[in-house]
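Same order as they appear, the protein sequences are chains A and B.
As numbered in the numbering used here, residues 2 to 344 make up the first sequence, in order.
As numbered in the numbering used here, residues 2 to 344 make up the second sequence, in order.
Here the structure is laid out as structure tokens; the discussion comes afterwards.
Number of protein chains: 2
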Amino acid sequence: MADGEVRNKQVILREYISGFPKDSDLYISTEKTMPLKVPESSNGVLVKNLYLSCDPYMRLLMQKPEGPALFTPYTSGSVISGYGVAKVLDSKHPDFNKGDLVWGTTGFEEYSLITTPEIESLFKIEHTDVPLSYYTGILGMPGMTAYAGFYEICNPKKGEYVFVSAASGAVGQLVGQFAKLMGCYVVGSAGSEEKVDLLINKFGFDGAFNYKEEHDFDAALRRCFPEGIDIYFDNVGGKMLDAVILNMREHGRIVLCGMVSQYNLDRHEGVNNLMRLIYKRVLMKGLVVFDYYSLYTKFLDLVLPYIKEGKIVYVEDIDEGLESIPAALVGLFSGRNVGKQEK
Amino acid sequence: MADGEVRNKQVILREYISGFPKDSDLYISTEKTMPLKVPESSNGVLVKNLYLSCDPYMRLLMQKPEGPALFTPYTSGSVISGYGVAKVLDSKHPDFNKGDLVWGTTGFEEYSLITTPEIESLFKIEHTDVPLSYYTGILGMPGMTAYAGFYEICNPKKGEYVFVSAASGAVGQLVGQFAKLMGCYVVGSAGSEEKVDLLINKFGFDGAFNYKEEHDFDAALRRCFPEGIDIYFDNVGGKMLDAVILNMREHGRIVLCGMVSQYNLDRHEGVNNLMRLIYKRVLMKGLVVFDYYSLYTKFLDLVLPYIKEGKIVYVEDIDEGLESIPAALVGLFSGRNVGKQEK
Numbered sequence: 002m003a004d005g006e007v008r009n010k011q012v013i014l015r016e017y018i019s020g021f022p023k024d025s026d027l028y029i030s031t032e033k034t035m036p037l038k039v040p041e042s043s044n045g046v047l048v049k050n051l052y053l054s055c056d057p058y059m060r061l062l063m064q065k066p067e068g069p070a071l072f073t074p075y076t077s078g079s080v081i082s083g084y085g086v087a088k089v090l091d092s093k094h095p096d097f098n099k100g101d102l103v104w105g106t107t108g109f110e111e112y113s114l115i116t117t118p119e120i121e122s123l124f125k126i127e128h129t130d131v132p133l134s135y136y137t138g139i140l141g142m143p144g145m146t147a148y149a150g151f152y153e154i155c156n157p158k159k160g161e162y163v164f165v166s167a168a169s170g171a172v173g174q175l176v177g178q179f180a181k182l183m184g185c186y187v188v189g190s191a192g193s194e195e196k197v198d199l200l201i202n203k204f205g206f207d208g209a210f211n212y213k214e215e216h217d218f219d220a221a222l223r224r225c226f227p228e229g230i231d232i233y234f235d236n237v238g239g240k241m242l243d244a245v246i247l248n249m250r251e252h253g254r255i256v257l258c259g260m261v262s263q264y265n266l267d268r269h270e271g272v273n274n275l276m277r278l279i280y281k282r283v284l285m286k287g288l289v290v291f292d293y294y295s296l297y298t299k300f301l302d303l304v305l306p307y308i309k310e311g312k313i314v315y316v317e318d319i320d321e322g323l324e325s326i327p328a329a330l331v332g333l334f335s336g337r338n339v340g341k342q343e344k
Numbered sequence: 002m003a004d005g006e007v008r009n010k011q012v013i014l015r016e017y018i019s020g021f022p023k024d025s026d027l028y029i030s031t032e033k034t035m036p037l038k039v040p041e042s043s044n045g046v047l048v049k050n051l052y053l054s055c056d057p058y059m060r061l062l063m064q065k066p067e068g069p070a071l072f073t074p075y076t077s078g079s080v081i082s083g084y085g086v087a088k089v090l091d092s093k094h095p096d097f098n099k100g101d102l103v104w105g106t107t108g109f110e111e112y113s114l115i116t117t118p119e120i121e122s123l124f125k126i127e128h129t130d131v132p133l134s135y136y137t138g139i140l141g142m143p144g145m146t147a148y149a150g151f152y153e154i155c156n157p158k159k160g161e162y163v164f165v166s167a168a169s170g171a172v173g174q175l176v177g178q179f180a181k182l183m184g185c186y187v188v189g190s191a192g193s194e195e196k197v198d199l200l201i202n203k204f205g206f207d208g209a210f211n212y213k214e215e216h217d218f219d220a221a222l223r224r225c226f227p228e229g230i231d232i233y234f235d236n237v238g239g240k241m242l243d244a245v246i247l248n249m250r251e252h253g254r255i256v257l258c259g260m261v262s263q264y265n266l267d268r269h270e271g272v273n274n275l276m277r278l279i280y281k282r283v284l285m286k287g288l289v290v291f292d293y294y295s296l297y298t299k300f301l302d303l304v305l306p307y308i309k310e311g312k313i314v315y316v317e318d319i320d321e322g323l324e325s326i327p328a329a330l331v332g333l334f335s336g337r338n339v340g341k342q343e344k
């Protein structure tokens with residue numbers, strides 16, 4: 002190791018995968034070293050990563066890139082990337098200084114050189130009177146996703162019927178709480194009794210069901226929403242989306258945020274009920290959170306007071322150490338995690 | 002026959018159908034008679050029907066009613082209904098007088114008693130310096146459908162790429178011409194060489210293809226839109242919709258207007274590519290023209306001058322006599338008709 006260099010532990014993608022990910026698809030490498038200075042030629046920032054976030058979209062980057070992508074695809078045999086909270090150790094970028102706390106896209110490693118902070122949407126953390134880890138969740142990308150999808154796309158009104166799938170996840174738990182604060186009736190689906198209990202007793206959902214115990218999603222939705230659904234925040238796609246469409250009310254809105262039920266399939270399931278979108282004049286729109294990052298300050302102005310007053314709660318699942326990442330990421334797809342998953 | 006009564010020829014639905022309709026599913030009855038006066042107890046209008054319109058949605062009313070419906074379902078063994086142009090023979094309704102020309106939902110028969118003109122959206126025809134038959138098409142429900150879908154839902158901009166399916170039909174031909182007038186690049190699909198020729202040489206589309214000659218809709222669309230599609234006006238659903246989704250550009254818009262490819266199927270085809278709506282932030286919205294009838298005057302103000310200046314042309318397929326209706330209606334599904342189909 003040269004002077005001023007440190008060993009940099011990294012999470013490496015072994016090979017591109019198909020189907021369900023396994024813990025062994027990722028491994029920890031301690032081979033690399035790096036200097037703790039931004040190189041002369043760069044105007045980036047060098048950070049120490051404090052919290053790294055495991056999010057469902059990362060599964061899509063673990064396969065061979067094909068078609069359009071929203072994130073820089075992973076490379077077989079290289080370090081993976083994702084959202085994190087980090088501390089700036091050195092900066093040649095005018096917007097960031099040594100000592101700043103930031104959140105945004107970073108490497109899944111101890112130290113990262115972020116060469117283009119503008120492109121990676123690196124945000125400076127201004128409010129540190131909340132847990133820093135929140136900036137990987139409720140106050141970061143998932144929080145902005147919930148905010149943009151619910152308020153900007155769904156245009157919710159008091160008294161409307163709201164359904165959220167994957168509702169105990171980072172995005173879903175916040176959507177449900179936003180909906181309650183708006184005076185909506187909210188039901189969520191999740192994949193275990195423990196999560197169903199969390200939805201009702203922790204997040205204040207009006208109803209919840211364990212989708213793994215339901216043979217007929219249409220029947221489950223009719224039971225939970227005898228009057229139908231005005232707003233569906235879709236995190237899962239596939240058969241659940243198809244069943245929700247059957248239960249939409251006139252002028253309903255569906256925000257397509259993720260399709261986690263489909264990410265491990267080679268061919269996505271067909272959705273057969275789109276004709277109902279005509280009968281019911283339903284709006285369906287795909288959401289990518291980047292498009293709404295200009296609203297981040299407005300979002301914080303809404304959410305920070307709610308958090309401080311205890312009107313919004315947040316459940317995280319935090320493990321210690323980079324070594325815990327492979328299992329945590331894989332756990333997102335087996336339902337092992339509860340709440341937001343971080344290292 | 003009592004005094005003041007006339008024989009009333011009617012088009013009757015023999016029995017509820019499934020699958021493709023046949024001419025023999027409908028028959029002409031001359032059994033009924035009716036008085037040419039609005040009954041004392043009613044505040045409706047009595048009309049003589051002049052033009053009756055065969056539209057694809059009517060297929061949906063020919064099957065046993067199930068789930069949500071936008072129109073009053075047909076009854077086995079009774080007269081069918083649809084859009085028409087008619088002359089008021091007698092009225093007890095304050096908004097209509099004897100001699101008025103009107104368009105709206107009426108019976109498929111020589112004379113109809115329209116008991117609730119408000120509910121049936123009966124419009125008085127104020128401009129008679131265009132062919133009256135236009136009020137079943139370009140100046141009636143299909144015209145308003147094209148207008149609402151294109152301008153109100155799709156929010157088109159100059160230079161955008163627009164695709165229209167069933168483009169030679171009543172709605173499609175107008176959408177294409179609106180798009181050209183807006184400065185868009187427009188391609189249409191249709192089901193014969195004759196229709197493809199019409200699209201390019203009569204309606205001024207930039208491109209067109211015969212979907213029956215294409216094995217791979219995705220490849221056909223990539224050929225026609227190397228830069229992708231900004232706006233899709235969907236009249237057919239199914240496999241074409243699925244292929245279009247693959248070719249949508251960022252922030253594209255899809256208006257779901259009809260799914261004529263699916264109406265004769267017991268179970269609709271699955272659409273597998275919805276994940277692309279997320280990647281590309283696409284908006285998809287179901288359109289029901291009733292919701293936009295308040296814009297009818299605004300619509301006429303736009304379209305009438307275009308028609309008079311020859312900037313919008315319109316192709317109708319008119320047959321003589323109620324007897325022609327069964328074949329005309331069935332023809333909509335075999336591609337026999339060219340342009341708008343009326344009796």
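Backbone N, C-alpha and C fix where the C-beta goes; we use that ideal spot for every residue, glycine too.
The structure presented is a predicted model; accordingly, all values stated were derived computationally and were not measured.
Inset, instruction - Taking all protein chains shown into account, decide if B/MET145 is buried (16 or more other Cβ within 10 angstroms of its Cβ) or exposed. - result: Residue numbering aside, residue 145 of chain B sits at position 144 when the second sequence is read from its first letter. Result: buried.
Legend entry - CB contact below 8 angstroms: B/LEU288 versus chain A: For the purposes of this step, residue 288 of chain B is identified with residue 287 of the second sequence, where counting begins at 1. Cβ-Cβ to chain A under 8 angstroms: yes for B/LEU288.
Inset, instruction - Starting from the beta carbon of B/ARG282, find every residue of chain A whose beta carbon is closer than 8 angstroms, and list them in chain order. - result: Counted from its first residue, the second sequence places residue 282 of chain B at position 281. Within chain A, the residues near B/ARG282 are LYS286, GLY287, LEU288, VAL289, ASP292.
Legend entry - Sub-8 angstroms separation of B/LEU323 and B/ILE18 beta-carbons: Working through the second sequence from its first residue, we reach residue 323 of chain B at position 322. Working through the second sequence from its first residue, we reach residue 18 of chain B at position 17. No.
Inset, instruction - Return the bridge partner residues of A/PRO36 from the DSSP annotation. - result: Against the first sequence, residue 36 of chain A aligns to sequence position 35. A/PRO36 has A/GLU6 as its beta-bridge partners, per DSSP.
Legend entry - Which of helix, strand or coil DSSP assigns to A/ARG346: No information on residue 346 of chain A is available, as it lies outside the stretch 2 to 344 that chain A covers here.
Inset, instruction - Helix, strand or coil for B/PHE151, going by three-state DSSP, please let me know. - result: Along the second sequence, read from residue 1 onward, the residue named residue 151 of chain B stands at position 150. In the three-state reduction of the DSSP assignment, B/PHE151 falls in the helix class, which pools H, G and I.
Inset, instruction - Please report the residue range of the beta strand (DSSP E) in which A/ARG250 lies. - result: For the purposes of this step, residue 250 of chain A is taken as the residue at position 249 of the first sequence. In the DSSP assignment, A/ARG250 falls within the beta strand (DSSP E) that extends over 249–257.
Inset, instruction - From the DSSP output, in three-state form, read off B/VAL289 for me. - result: Working through the second sequence from its first residue, we reach residue 289 of chain B at position 288. In the three-state DSSP reduction, B/VAL289 falls in the coil class, being neither helix nor strand.
Inset, instruction - Using a threshold of 8 angstroms, state whether the C-beta atoms of A/GLY177 and A/PHE204 are closer than that. - result: If you number the first sequence from 1, residue 177 of chain A lands on position 176. If you number the first sequence from 1, residue 204 of chain A lands on position 203. Going by C-beta atoms, A/GLY177 is nearer than 8 angstroms to A/PHE204.
Inset, instruction - State the DSSP-derived secondary structure class of A/ALA209, mapped to helix, strand or coil. - result: The residue you call residue 209 of chain A lines up with position 208 of the first sequence. Here A/ALA209 sits in strand by DSSP.
Legend entry - is_contact[A/VAL272, chain B] using C-beta, thresh 8 angstroms: As a first step, residue 272 of chain A is located in the first sequence; it is residue number 271 there, counting from the start. By this cut-off, A/VAL272 is an interface position.
Legend entry - Short CB-CB distance (under 8 angstroms) between B/PRO69 and chain A: In the second sequence, residue 69 of chain B corresponds to position 68, counting from 1. True, the Cβ-Cβ gap to chain A drops below 8 angstroms.
Legend entry - Residue-chain proximity (A/ILE279, chain B), Cβ-Cβ < 8 angstroms: Walking along the first sequence from the start, residue 279 of chain A turns up at place 278. Yes, A/ILE279 lies at the interface with chain B (some Cβ there is under 8 angstroms from its Cβ).
Inset, instruction - Give the single residue among A/PHE300, A/LEU27, A/HIS252, A/ASP320 whose Cα lies nearest to the Cα of A/TYR280. - result: Counted from its first residue, the first sequence places residue 280 of chain A at position 279. Among A/PHE300, A/LEU27, A/HIS252, A/ASP320, the Cα nearest to that of A/TYR280 belongs to A/HIS252.
Legend entry - Where the beta strand (DSSP E) through B/ASP318 begins and ends: The residue you call residue 318 of chain B lines up with position 317 of the second sequence. Segment 317–319, the beta strand (DSSP E) holding B/ASP318.
Legend entry - Near-chain B residues of the region 258–272 of chain A (beta-carbon distance less than 8 angstroms), N- to C-terminal order: Taking 8 angstroms as the Cβ-Cβ cut-off, the region 258–272 of chain A approaches chain B at CYS258, GLY259, MET260, GLN263, ARG268, HIS269, GLU270, GLY271, VAL272, given in chain order.
Inset, instruction - Out of A/GLY45, A/ASP26, A/LEU51, A/SER25, point me to the one whose CA is closest to A/ASP320's CA. - result: As a working note, residue 320 of chain A is residue 319 in the first sequence. Selected option, being the one with the closest Cα: A/LEU51.
Inset, instruction - Could you tell me whether the region 103–112 of chain B touches the region 254–274 of chain B, where touching means 3 or more Cβ pairs closer than 8 angstroms? - result: In short, these stretches do not touch, since the Cβ pair count stays below three.
Legend entry - Distance between A/LEU301 and A/TYR135 (C-alpha atoms, nearest Å): Locating residue 135 of chain A in the first sequence gives position 134, where the first residue counts as 1. Locating residue 301 of chain A in the first sequence gives position 300, where the first residue counts as 1. Looking at the two C-alpha atoms, the distance is approximately 12 angstroms.
Legend entry - A/SER122 - DSSP class collapsed to helix/strand/coil: Counting from one through the first sequence, the residue named residue 122 of chain A turns up at place 121. Correct three-state label for A/SER122: coil.
Legend entry - Same chain only: Cβ atoms within 7 angstroms of A/THR137, ignoring 5 sequence neighbours per side: As a first step, residue 137 of chain A must be located in the first sequence, where it is residue number 136. Excluding positions up to five away in sequence, the list reads TYR52, SER54, TYR84, GLY85, VAL86, TRP104, GLU343.
Inset, instruction - Sort A/VAL165, A/ALA191, A/TYR297 by Cα distance to A/GLU128 and report the nearest one. - result: If you number the first sequence from 1, residue 128 of chain A lands on position 127. Before going further, note that residue 128 of chain A is His rather than Glu in the sequence given. Ranking the options by Cα distance to A/HIS128, first place goes to A/TYR297.
Legend entry - Local conformation of A/LYS240 per DSSP, three classes: Residue 240 of chain A sits at position 239 when you count from the first residue of the first sequence. Helix, per DSSP.
Legend entry - Contact check, A/MET241 vs A/PHE206, beta carbons under 8 angstroms: Locating residue 241 of chain A in the first sequence gives position 240, counting from the first residue. Locating residue 206 of chain A in the first sequence gives position 205, counting from the first residue. Going by C-beta atoms, A/MET241 is not nearer than 8 angstroms to A/PHE206.
Legend entry - Chain-order list of residues whose beta-carbon lies under 7 angstroms from that of A/ASN9 (same chain, five-residue window excluded): On the first sequence, residue 9 of chain A is found 8 positions in, with the first residue counted as 1. Result list for A/ASN9: LYS33, THR34, MET35, GLU110, GLU111, TYR112, in chain order.
Legend entry - Within chain A, partners of B/GLY238 - CB distance below 8 angstroms: On the second sequence, residue 238 of chain B is found 237 positions in, with the first residue counted as 1. Think of a sphere of 8 angstroms around the beta carbon of B/GLY238: the chain A residues whose beta carbon falls inside it are LEU275, MET276, in chain order.
Inset, instruction - Give the secondary structure of B/GLN178 by DSSP, where H, G and I count as helix, E and B as strand, and everything else as coil. - result: In the second sequence, the residue the question calls residue 178 of chain B occupies position 177. Three-state result, B/GLN178: helix.
Legend entry - Residue(s) in a DSSP beta bridge with A/VAL188: Residue 188 of chain A sits at position 187 when you count from the first residue of the first sequence. In DSSP, A/VAL188 forms a bridge with A/PHE164, A/GLY208.
Inset, instruction - Could you work out which residue in A/ALA168, A/GLU194, A/TYR162 is closest to A/MET183 when comparing CA atoms only? - result: As a first step, residue 183 of chain A must be located in the first sequence, where it is residue number 182. When the alpha-carbon of A/MET183 is set against those of A/ALA168, A/GLU194, A/TYR162, the nearest one is in A/TYR162.
Legend entry - Euclidean distance between Cα positions of B/TYR153 and A/VAL261: Working through the second sequence from its first residue, we reach residue 153 of chain B at position 152. Working through the first sequence from its first residue, we reach residue 261 of chain A at position 260. Looking at the sequence itself, residue 153 of chain B is Glu, so the reference to Tyr does not match. Going by the C-alpha atoms only, they are around 33 angstroms apart.
Inset, instruction - Could you tell me which of A/GLY78, A/VAL7, A/GLY45, A/THR31 sits nearest to A/PHE89, measuring between CA atoms? - result: What you label residue 89 of chain A is simply residue 88 of the first sequence in a count that begins at 1. First, the amino acid is wrong: residue 89 of chain A is Val here, not Phe. Nearest of A/GLY78, A/VAL7, A/GLY45, A/THR31 to A/VAL89, Cα basis: A/GLY45.
Legend entry - Inter-residue Cα distance where the pair is B/PRO327 and A/GLY170: What you label residue 327 of chain B is simply residue 326 of the second sequence in a count that begins at 1. What you label residue 170 of chain A is simply residue 169 of the first sequence in a count that begins at 1. Those two C-alpha atoms are separated by around 55 angstroms.
Inset, instruction - Could you tell me how far apart the beta carbons of A/LEU61 and A/TYR264 are, in whole angstroms, since I believe they sit closer than 8 angstroms? - result: For this step, residue 61 of chain A is matched to residue 60 along the first sequence. For this step, residue 264 of chain A is matched to residue 263 along the first sequence. Going by Cβ atoms, the distance from A/LEU61 to A/TYR264 rounds to 6 angstroms, so yes, they are a contact pair.
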